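So the sequence shown is numbered by UniProt numbering: it starts at 1 and just counts up by one. These notes are about the structure you will find just below.
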Amino acid sequence: MKRVSSQGAKFKRGSVASLSDLGAQFDVVFNCTGLGAQALCKDRKLTPMKGQIIKVFAPWLSHFYYLDYDVYIIPHSNGSVTLGGVRHYDSYSLDINPHDTSAILERCYSLLPELEEAPVLYEWCGLRPHRSLVRVETEKIGKLNVIHNYGHGGYGVTTAPGTAKHAVRLCQELLQTMLLKAKL
Numbered sequence: 001m002k003r004v005s006s007q008g009a010k011f012k013r014g015s016v017a018s019l020s021d022l023g024a025q026f027d028v029v030f031n032c033t034g035l036g037a038q039a040l041c042k043d044r045k046l047t048p049m050k051g052q053i054i055k056v057f058a059p060w061l062s063h064f065y066y067l068d069y070d071v072y073i074i075p076h077s078n079g080s081v082t083l084g085g086v087r088h089y090d091s092y093s094l095d096i097n098p099h100d101t102s103a104i105l106e107r108c109y110s111l112l113p114e115l116e117e118a119p120v121l122y123e124w125c126g127l128r129p130h131r132s133l134v135r136v137e138t139e140k141i142g143k144l145n146v147i148h149n150y151g152h153g154g155y156g157v158t159t160a161p162g163t164a165k166h167a168v169r170l171c172q173e174l175l176q177t178m179l180l181k182a183k184l
């Protein structure tokens with residue numbers, strides 16, 4: 001945000017019940033509201049997807065593994081390792097599920113038995129904003145130009161940098177068009 005604000009961008013915090021409430025206050029609004037887009041945009045294609053992971057301490061591990069949909073082992077530079085995971089579509093539960101914990105450990109231990117020696121640091125679960133197709137597009141709502149960028153599901157960490165670049169390109173095109181119209 002520092003880099004963007006140093007180039008003249010303005011940020012405003014507040015609650016928004018509807019994008020149309022913003023009227024023409026801004027040249028462009030980026031909508032990166034995640035699950036909030038369900039209500040804000042009335043997006044019925046957006047659903048919660050519960051994910052659950054386990055963090056263990058295994059500083060000897062240096063390679064990551066990703067098999068099928070729900071088996072991954074991701075080492076971090078601080079010695080912690082993420083073991084995952086699960087996907088429960090249309091779930092709003094934020095409770096750690098012991099059956100999911102057992103399944104994650106079983107799958108990861110069968111892949112790398114030495115992980116059984118790694119102490120568990122903590123478990124975590126959260127909701128991911130899932131859409132069958134990530135929404136990265138422009139929309140005109142009254143006089144407001146909106147660029148949507150949400151719905152990454154369980155792939156946000158890997159896909160968000162690319163969709164952010166695409167959203168910025170959409171913004172540049174939009175601003176260029178606005179500048180040309182202003183000159184006419």
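No residue lacks a Cβ here, since even glycine has one placed at the ideal position from N, Cα and C. Just so you know, these numbers come straight off a predicted model, no measurement behind them.
Report task. Pick out the complete beta strand (DSSP E) segments inside the segment 92–172, 3 residues or longer, and give them in chain order. Result -> 120–141, 144–152
Query - contact_flag[the segment 106–117, the segment 135–147] where n(CB pairs < 8 Å) is 3 or more - result: no
Requested in this report: Whole angstroms is fine: what's the gap from R168's alpha carbon to G154's?
Outcome: Checking the sequence, you will find Val at residue 168 rather than Arg. Approximately 22 Å, taken between the alpha carbons.
Report task. In angstroms with no decimal places, state the Cα-to-Cα distance between S77 and R131. Result -> 31 Å
Query raised in the report: Are T158 and V134 touching if we call contact CB-CB under 9 Å?
Result: no
Query raised in the report: Can you tell which of K140, C32, T82, F11 has the C-alpha that lies nearest to the C-alpha of H63?
Result: T82
Report task. For S5, name the three-state secondary structure that DSSP assigns. Result -> helix
Query raised in the report: What's the gap between the Cα of K42 and the Cα of S18?
Result: 10 Å
Query raised in the report: Does DSSP put Q176 in a helix, in a strand, or in coil?
Result: helix
**Report entry** Own chain partners of T33 with C-beta closer than 7 Å, once the 5 adjacent residues on each side are dropped
**Finding:** L40, Y150
Query - Same chain, Cβ closer than 8 Å to D27, five either side skipped, listed in chain order - result: N145, L175, M178
Query - Assigned secondary structure, L67 (DSSP; H/G/I helix, E/B strand, else coil) - result: strand
Query raised in the report: Comparing alpha-carbon positions, which option in R87, G79, S80, L61 lies nearest V71?
Result: R87
**Report entry** Environment of D100 [buried if 16+ CB atoms lie within 10 Å]
**Finding:** buried
Query raised in the report: Thinking just about the alpha-carbon of each residue, which of L112, L180, N31 is nearest to the one in Y66?
Result: L112
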